[in-house]
Every structure is written in C-alpha cells, then in structure tokens.
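Participant: Just passing along the structure, written as structure tokens.
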Amino acid sequence: MSTLTAIDEVHPRTSRSVCNNETLEEIQKRYPGAEVMAWDDFITRKEKALSTGPVEIDEGKWFYALEVLPPARWHNGTEWNSFHLSELVSGRIASWYIRHKGRYWECQQCCDIERGALHALVLIAERLFIGVFPCGISYADAAHGVAGDYKRLAFLPFATLELKVEPDCPPELAERIRADAAVIQMKRGQPYQVSTCGQTVILGEAA
288 MSTLTAIDEV
298 HPRTSRSVCN
308 NETLEEIQKR
318 YPGAEVMAWD
328 DFITRKEKAL
338 STGPVEIDEG
348 KWFYALEVLP
358 PARWHNGTEW
368 NSFHLSELVS
378 GRIASWYIRH
388 KGRYWECQQC
398 CDIERGALHA
408 LVLIAERLFI
418 GVFPCGISYA
428 DAAHGVAGDY
438 KRLAFLPFAT
448 LELKVEPDCP
458 PELAERIRAD
468 AAVIQMKRGQ
478 PYQVSTCGQT
488 VILGEAA
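So that you can map any letter, position 122 of the sequence shown is 409 in the numbering used here, and since no number is skipped, the others follow by simple counting.
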C-alpha cells in the first residue's frame with residue numbers, strides 16, 4: 288500500500304500551507320521528507336505507487352469479489368471475463384478481477400484502463416514463473432524452455448536483495464520482475480517465509 292499522502296495545500300501568494308500557515312521547513316519537522324509538488328504530479332505518483340501487477344487467486348476469491356459489491360465495467364467474453372469493484376481503492380485506482388482460460392487474477396489498476404492493456408498484464412503474469420527457493424527468488428519464462436526447464440530471467444538473492452536480470456530478458460517481463468522484486472526489497476530486515484512448513488529467512492541480512 289502506498290504511503291504517499293497529501294499533507295496540505297500551498298497558498299499561491301504566501302507559499303505557506305493553507306491549513307496551518309507553515310513553511311515547508313516547519314512541515315518537514317513533523318513529516319521528514321515532505322516535499323512540494325504539483326497536484327497532477329502527486330496524482331501520477333500516487334496512482335503509480337498503488338498500481339500492482341496481476342496476482343493469481345482462487346475461484347472462491349473471484350466469486351466473492353464478484354458478489355460483495357456490484358461489479359463495474361463487467362466484461363463477459365468467450366476467453367476473458369473481467370470487472371473491478373465499484374468501490375475504488377483511492378482516486379482512480381480500482382481492484383480488478385480477471386478470469387482467463389480457467390485461471391483467476393487480481394490486480395490494482397486505474398478504473399479506466401483499456402481492456403487490451405489489462406489483458407496484456409495478465410498474459411505477462413501467465414508467462415512469468417516465480418519460484419521461491421531457500422536462497423532467493425528465481426524468475427523464469429514459462430513460455431520458453433532450456434535443457435528441460437523454464438528459461439531463467441532473473442534472480443533475487445535473499446542475502447543481498449540485489450536483483451540480477453539476465454541481459455536477454457524481454458523488456459515487458461523485466462518491468463514486471465523489477466516491480467515484484469521492489470516489493471520484497473522494501474521489506475529488508477524482515478522475516479520472509481521460504482517453505483510451506485514455516486521456515487523463514489531475514490531479508491538482506493548480508494548487506
């Protein structure tokens with residue numbers, strides 16, 4: 288979840304905050320790292336921070352989302368079904384649910400995203416294999432094989448959290464890989480489960 292938050296507006300004549308009549312320096316004492324930006328830039332950054340790639344879910348979660356609130360932008364095709372919750376996450380960001388060839392997906396994207404762009408995100412997710420191993424996370428291309436295994440695209444070691452992307456990784460998959468790795472990198476110092484029996488590692492402990 289994004290922590291990017293609007294604190295106050297800037298008065299056009301005084302350049303101080305509207306609510307508390309503070310300077311930026313005074314605001315930064317309460318909110319370290321606070322900065323001034325145009326509303327359009329804030330909205331763009333907020334939407335980017337809240338947007339997520341498709342994550343596979345089970346059929347039960349799909350139907351729960353379909354029935355909990357009236358679905359918006361419902362599409363019922365021969366291969367694709369999609370909708371988003373009518374209650375938005377924040378601004379224009381919506382929780383989307385997509386069904387494609389018997390598999391179910393969830394993601395957060397703008398409520399007005401074009402259907403083709405939404406489908407493209409799912410096709411990338413279907414192609415990308417993400418495997419969790421004791422020493423790190425391996426990203427591979429499920430559409431291409433090498434020596435009887437999926438073609439390796441990138442690896443994120445738990446010890447350093449330094450992502451290594453292979454030079455021949457397709458750009459559209461590399462973008463998704465970096466986004467997925469960034470979520471894990473933000474959890475540096477925290478335990479991360481690496482097995483179904485509950486074994487964990489500390490992220491970035493070698494740094």
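All C-beta atoms, glycine included, are put in the ideal place defined by N, C-alpha and C. Predicted model, so just to flag it, every value in this text is computed and none were measured.
1) For a minimum of 3 consecutive residues, which ranges assigned as the beta strand (DSSP E) are wholly contained in the segment 383-440?
2) Look at the alpha carbon of Thr-447 and the alpha carbon of Leu-490, and state the distance between them as a whole number of angstroms.
3) What's the C-alpha gap between Ile-330 and Gln-395?
4) For Glu-366, I'd like the list of residues in its chain whose CB is within less than 8 Å of its CB, leaving aside the five on either flank, ordered along the chain.
5) If you compare alpha carbons, which of Val-323, Lys-348, Ala-359, Leu-408 is closest to Asp-295?
6) Taking all protein chains shown into account, decide if Pro-299 is buried (16 or more other Cβ within 10 angstroms of its Cβ) or exposed.
7) Determine the burial state of His-431: buried for a count of at least 16 other Cβ atoms within 10 Å of its Cβ, exposed for fewer.
8) Where does Arg-360 sit, in a helix, a strand or coil, going by DSSP?
9) When you compare each of Gly-423, Ser-382, Tyr-318 to Leu-405 by their alpha carbons, which one comes out closest?
10) Look up Ala-381 in the DSSP assignment and give the residues it is bridged to.
11) Does Val-297 get closer than 8 Å to chain D when you measure Cβ to Cβ?
12) Take Glu-499 and list the residues in its own chain whose beta-carbon comes closer than 8 Å to its own, dropping the five residues that flank it on each side.
13) Let me check understanding here. Comparing Cα to Cα, which of Gly-340, Glu-313, Pro-319 lies closest to Arg-465?
14) From what residue to what residue does the beta strand (DSSP E) around Thr-487 run?
15) By alpha-carbon positions, which one of Asp-399, Glu-401, Ser-369, Ile-411 ends up nearest to Tyr-391?
16) Just tell me which of Arg-402, Glu-346, Asp-328 has its CA closest to the CA of Gly-364.
17) CB of Ser-338 to nearest heavy atom of the ligand MN: below 7 Å?
18) Going by CA-CA distance only, name the one from Ile-385, Ala-461, Val-409 that's closest to Ser-425.
19) Please state whether DSSP places Tyr-479 in a helix, a strand or coil.
20) Name the two residues that bound the continuous alpha helix (DSSP H) containing Leu-450.
21) Give the DSSP-derived three-state secondary structure of Pro-299 in the structure shown.
Facilitator: On the basis of the supplied data:
1) The qualifying runs are 390-397, 415-420, 423-433.
2) 8 Å
3) 15 Å
4) If you ignore the 5 residues before and after Glu-366, its C-beta comes within less than 8 Å of the C-beta of His-387, Lys-388, all in its own chain and listed in chain order.
5) The residue with the shortest Cα to Cα distance from Asp-295 is Val-323.
6) exposed
7) By the 10 Å Cβ count, His-431 comes out exposed.
8) Arg-360: strand per DSSP, three-state reduction.
9) Ser-382
10) Note: Ala-381 sits in a beta bridge opposite Gln-396.
11) In the displayed structure, chain D is absent; only one protein chain is listed.
12) This structure cannot speak to residue 499, because the chain is shown only from 288 to 494.
13) Gly-340
14) 487-489
15) Ser-369
16) Arg-402
17) As far as ligands go, the structure on display features none, and thus does not contain the ligand MN.
18) Ala-461
19) strand
20) No alpha helix (DSSP H) holds Leu-450; DSSP gives it neither H nor E.
21) Collapsing the DSSP output to three states places Pro-299 in coil.
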